[in-house]
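Here the sequence shown is numbered in this note's numbering, starting from 297 and rising by one per residue. Built from N, CA and C at the ideal position, the CB exists for glycine as well. Just so it is clear, the structure is predicted and the values come from calculations on it, not from any experiment. First up is the structure itself, then whatever we jot down about it.
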Amino acid sequence: MSLVHELEVRVLDPRFGAEWPLPGYATAASAGMDLRAAIADDLVLQPGDAELVPSGLSIHVADPGLCALVLPRSGLGHRHGIVLGNGTGLIDADYQGPLLISVWNRGREAFTIHPGDRIAQLVLAPIVRAELKVVESFAGSARGEGGFGHTGVR
Numbered sequence: 297m298s299l300v301h302e303l304e305v306r307v308l309d310p311r312f313g314a315e316w317p318l319p320g321y322a323t324a325a326s327a328g329m330d331l332r333a334a335i336a337d338d339l340v341l342q343p344g345d346a347e348l349v350p351s352g353l354s355i356h357v358a359d360p361g362l363c364a365l366v367l368p369r370s371g372l373g374h375r376h377g378i379v380l381g382n383g384t385g386l387i388d389a390d391y392q393g394p395l396l397i398s399v400w401n402r403g404r405e406a407f408t409i410h411p412g413d414r415i416a417q418l419v420l421a422p423i424v425r426a427e428l429k430v431v432e433s434f435a436g437s438a439r440g441e442g443g444f445g446h447t448g449v450r
C-alpha cells in the first residue's frame, strides 16, 4: 500500500514542460522521483570537485509530519563516482526556496553533467519528532554500550 501526498512545486526553469517532464516515478514501485540538472551549459566535474546544481524547481512539503530527502542516483554513484556532496539533502516541510543539489565527483575521472541530466532523486519520508527525556541510566539491551564495530566484521 502506498500513500500519496500532494507536493506543491514551483517551476523555476521554463524548460520543464517544454524540453523536460516534471519529476515523476519511473515505475509503480519507485520510491524516488528523478531530479534534473537545470544548468545552462555542460558542467565538467573534475575528480574531487563539488558543485551546487539547481534543479529548476522549488517545493513545499507543507506537512510537518513529512520531509523530503535528496538522494544520489545509484547508477551514477557506482559507475561514475557521482554522489551528493552532503551525503543526503534534507528538506524541511516549511522550506519553500529553490531546490539545489550538491553534486560531488568522488570518482577518478572527470564527469560531464549536461543540461537536463537526471542527477539525483527526491523521496518523501515520514518524520518522528523526539521528546528528550533525561535519565541516569538505560534499561539493558543485548548490545549495551558496545561501540562502533562492536558486533563484529561478519
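Test item: CB-CB of residue i and residue j under 9 Å
i, j, result
"A369", "A333", "Ala is not the amino acid found at residue 369; the sequence shown has Arg there. For R369 and A333, no; Cβs fall outside 9 Å."
"N382", "P343", "no"
"S305", "I387", "Note that residue 305 corresponds to Val in the displayed sequence, not to Ser. No; because the gap between Cβ atoms is not below 9 Å, this pair is not in contact."
"I397", "L372", "no"
"C363", "A322", "no"
"R311", "G352", "yes"
"V307", "V349", "no"
"G328", "L367", "yes"
"D345", "H410", "no"
Residue from the options whose Cα sits closest to the Cα of residue i
i, options, result
"L318", "G412, S433 and I335", "G412"
"H376", "L348, A358 and T408", "T408"
"A358", "H410, E302 and T384", "E302"
"G361", "A435, G440 and P422", "P422"
"L309", "E441, L395 and R425", "First, the residue type needs correcting, since residue 309 is Asp and not Leu in the sequence shown. If we check each option's Cα against that of D309, L395 comes out closest."
"R414", "G443, E427 and I335", "I335"
"E347", "K429, I378 and A314", "I378"
Nearest-angstrom Cβ-Cβ length linking residue i and residue j, presumed shorter than 8 Å
i, j, result
"L365", "V419", "5 Å"
"L341", "A435", "About 48 Å separates the two Cβ atoms, so there is no contact after all."
Closer than 9 Å to chain C by CB, residue i
i, result
"G361", "Judged by its chain identifiers, the structure shown contains no chain C, having just a single protein chain."
Practice problem: Could you tell me which uninterrupted beta strand (DSSP E) segments, each at least 3 residues in length, are contained entirely in the region 394-431, listed from first to last along the chain? | Solution: 394-401, 407-409 and 414-422
Exercise. Report the residue ranges of all beta strand (DSSP E) runs contained in full by the region 364-393; include only those spanning at least 3 residues, in chain order.
Key: 378-380 and 385-387
Quiz prompt | Completely contained beta strand (DSSP E) runs for the region 317-369, where each covers 3 or more residues | solution = List check, beta strand (DSSP E) in window: 329-332, 339-341, 346-356 and 362-368.
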